[in-house]
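Every letter in the sequence shown is one number past the one before it in UniProt numbering, and letter 13, counting from 1, is 13.
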Amino acid sequence: MPDSSPTQQIELEPIPGKRYFTIGEAAKLCDLKPHVLRYWEQEFEQIQPVKRSNRRYYQRQDLLLIRQIRSLLYDQGFTIVGARQWLKGEQAGDDAKRYRQLLRQTITELETIRDLLKSVR
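Below, the structure written as structure tokens:
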């Protein structure tokens with residue numbers, strides 16, 4: 001029987017290579033609901049989607065940040081205040097830990113893409 005504890009990390013699909021993502025696309029890629037993204041924009045100053053004609057457009061770096069926040073809150077058990085402090089570097093001591101985690105996430109996405117390309121051959 002699979003472990004259903006809150007610390008079990010889900011596998012997020014790779015971020016496609018396009019420039020902008022709507023809030024619906026961003027929510028799906030980050031396994032969140034759109035209202036959660038809108039709320040997090042208020043809580044985390046680092047999330048700053050491009051806004052045009054009353055619509056939000058997220059870029060790849062926004063999605064990576066949102067996935068990082070999601071991991072901090074859902075997988076690692078941080079509170080919003082704790083996650084905010086960690087992102088500002090107050091909790092991490094230095095940025096190396098944060099960058100290593102982002103690199104691991106990017107490597108995982110690239111490995112998934114590589115495996116998909118190999119299976120298509």
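Ideal Cβ positions, reconstructed from N, Cα and C, are used throughout, including at glycine. For clarity, every value in this text was computed on a predicted model and none was experimentally measured.
Check, Outcome
"For LYS28, three-class secondary structure by DSSP", "helix"
"Helix, strand or coil at residue 157 [DSSP, three-state]", "Past the edges of the chain, shown from 1 to 121, lies residue 157, and the structure says nothing about it."
"Helix, strand or coil at LYS118 [DSSP, three-state]", "helix"
"Which listed residue (LEU110, GLN85, PHE44, VAL50) has its alpha carbon closest to that of LEU65", "PHE44"
"DSSP three-state assignment for LYS33, whether helix, strand or coil", "coil"
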